[in-house]
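*Asks:* Just so it is clear: in the sequence shown, position 146 is 877 by our numbering, and no numbers are missing.
All C-beta atoms, glycine included, are put in the ideal place defined by N, C-alpha and C.
This one's a predicted model, so the numbers in the text were calculated from it and none came from an experiment.
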Amino acid sequence: MSKGLLISVSGPSGSGKGSVLAKVKEGNNSFGTSVSVTTRAPREGEVDGKDYYFKSKDEFVRMVEEGEIIEYDEFVGNLYGTPTIPLQEMSESGTDVLLDLTIAGSMALKENFDQAVTIFLIPPSYEELENRLRGRGTESDEDIKARLAVARDEIDRSGGFDYVVVNDDLDEAAAKIEAIIKAEKCRLVRNIEKLREMT
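Printed below as a string of structure tokens:
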């Protein structure tokens, strides 16, 4: 059985990752879901193992030290990370997993998994990115300038990705990601066993 792909999509805030990934999943409900690990307390109605894996800070640190968390970040004093074992299990069972990760997360995924495919999603221009951020109506001018500066830095660090997709049209960007997934499944290196069976 072929391993499932671990497809990671990264990009600046405002690039539209959430919308594009939702569109890709809309056309294919067979993707596995990566449930994050967090040190924050569960909110009412949240289920351990479904919404998050809830761990103490000591447990989280142990998981990082033992390689059970592939990448992590801190937000408002709480740690959030991507667990390694569920990704391994889903991939080994032939399930493709679609992930929304930071640049560091995508690079860690690529470093640890042969079946990783990394995609960097960008807006068509900085002007469009600024328009999208302003269109949210949730941030000050200062915050928007800071996000644009971060976006420039992230784009400068995108050289390690396998693919770049420009999100100037939601349907087209989703279609490009779907095409990348199909092409990756046809790579020779992913089909060696099938070829051997034919000889």
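1) For Ser-741, which three-state DSSP category applies?
2) Could you check whether Ile-800 and Asn-843 sit closer than 8 Å to each other, using their CB atoms as the reference points?
3) For Gly-749, report the span of its alpha helix (DSSP H) as first-last.
4) For Lys-756 and Asp-902, which I take to be in contact (beta-carbon distance under 8 Å), what is that distance rounded to the nearest angstrom?
5) Identify the residues that DSSP records as bridge partners of Leu-829: which are they?
6) List the residues that DSSP assigns as beta-bridge partners of Leu-810.
7) Less than 8 Å separating the beta-carbons of Ser-746 and Leu-852?
8) Ordered along the chain, which non-local residues of its own chain (more than five positions away) have a Cβ less than 7 Å from that of Thr-710?
9) Do the segment 867-887 and the segment 818-832 meet, that is, are 3 or more Cβ pairs less than 8 Å apart?
10) Is it true that the segment 774-784 meets the segment 732-739, where meeting means three or more beta-carbon pairs spaced less than 8 Å apart?
11) Whole angstroms are fine: how far does the CA of Glu-873 sit from the CA of Asn-898?
*Replies:* Reading from the atomic positions:
1) Ser-741: strand per DSSP, three-state reduction.
2) no
3) Its alpha helix (DSSP H) spans residues 748-757.
4) About 14 Å; that fails the 8 Å criterion.
5) Ile-738
6) Glu-805
7) yes
8) Residue 710 is absent from the model: the chain starts at 732 and stops at 930.
9) no
10) no
11) 25 Å
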